[in-house]
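Beneath this line is the structure, given in structure tokens, with notes to follow.
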């Protein structure tokens with residue numbers, strides 16, 4: 001493909017605004033990348049911290065909350081909206097949860113057999129699926145009244161009508177997007 005004199009070859013994955021997607025617009029590459037970033041941050045944290053020596057539990061948790069988790073969950077507000085139900089699959093959550101559990105075991109000194117819920121409670125950290133979901137709701141509430149949000153909705157509605165009318169004579173209303181349905185539910189909270 002030629003674009004303004006440059007030859008561009010199709011790629012299996014593309015990075016847009018820090019989010020990696022594949023040809024089928026699946027989140028798998030982003031989850032894999034996020035988990036590896038979390039692992040890297042965990043390895044860096046484990047060099048300066050252990051339960052026996054190093055920083056206190058409070059300071060270790062602060063480093064986890066301020067450095068490791070944001071690095072691992074960049075763009076997670078959008079991951080929440082991957083399908084009509086608005087819920088991430090367990091497979092996606094498990095990949096990120098494994099990294100969080102390693103970090104919490106390092107911070108708290110928990111044994112391998114310690115239940116994950118106990119680790120979360122001891123460290124004072126929300127489980128990763130709840131954290132992602134709450135961030136998604138906060139994101140939706142913060143962007144709800146922005147002019148760009150209404151402009152995007154308007155453009156999407158026009159595109160829907162244009163492409164749908166080209167195929168059929170009937171006009172079906174556009175289905176609610178996952179963001180719209182979560183936004184509707186968030187206003188009830």
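Residue numbers (UniProt numbering): 1 to 189.
Glycine is no exception: its CB is placed at the ideal position from the N, C-alpha and C atoms.
All figures in this text were calculated on a predicted structure; none of them were measured in a lab.
Other residues of its chain near residue i: CB distance less than 6 Å, five sequence neighbours each side excluded
| i | result |
| --- | --- |
| residue 92 | 31 |
| residue 29 | 13, 20, 22 |
| residue 95 | 31, 35 |
| residue 122 | 108 |
| residue 60 | 49, 107 |
| residue 142 | none |
Backbone secondary structure at residue i - three-state DSSP
| i | result |
| --- | --- |
| residue 57 | helix |
| residue 84 | For residue 84, the pLDDT reaches just 49, beneath the cut-off of 50, and the residue's location in the model is therefore unreliable, although a value from the coordinates is still provided. Three-state DSSP puts residue 84 in coil, outside helix and strand. |
| residue 202 | No answer is possible for residue 202: the residues shown for the chain start at 1 and end at 189. |
| residue 106 | helix |
| residue 163 | helix |
| residue 96 | helix |
| residue 175 | coil |
| residue 150 | helix |
| residue 71 | helix |
| residue 139 | helix |
| residue 123 | helix |
| residue 129 | helix |
| residue 112 | coil |
| residue 118 | helix |
| residue 144 | coil |
| residue 65 | helix |
| residue 76 | helix |
Sequence-distant residues of its chain with Cβ nearer than 7 Å to residue i (five each side left out)
| i | result |
| --- | --- |
| residue 18 | 74, 75 |
| residue 89 | none |
| residue 157 | 174 |
| residue 119 | 101, 104, 105, 108, 110 |
8 Å CB neighbourhood of residue i in its chain, flanking five on each side removed
| i | result |
| --- | --- |
| residue 52 | 109 |
Exercise for the section: Return the chain-ordered ranges of every beta strand (DSSP E) run that is complete within the segment 1-48 and spans a minimum of 3 residues. Expected result: 13-16, 19-22
Practice task
Examine the Cβ distances between the segment 37-46 and the segment 60-75 and report whether three or more of them are shorter than 8 Å.
Solution key: yes
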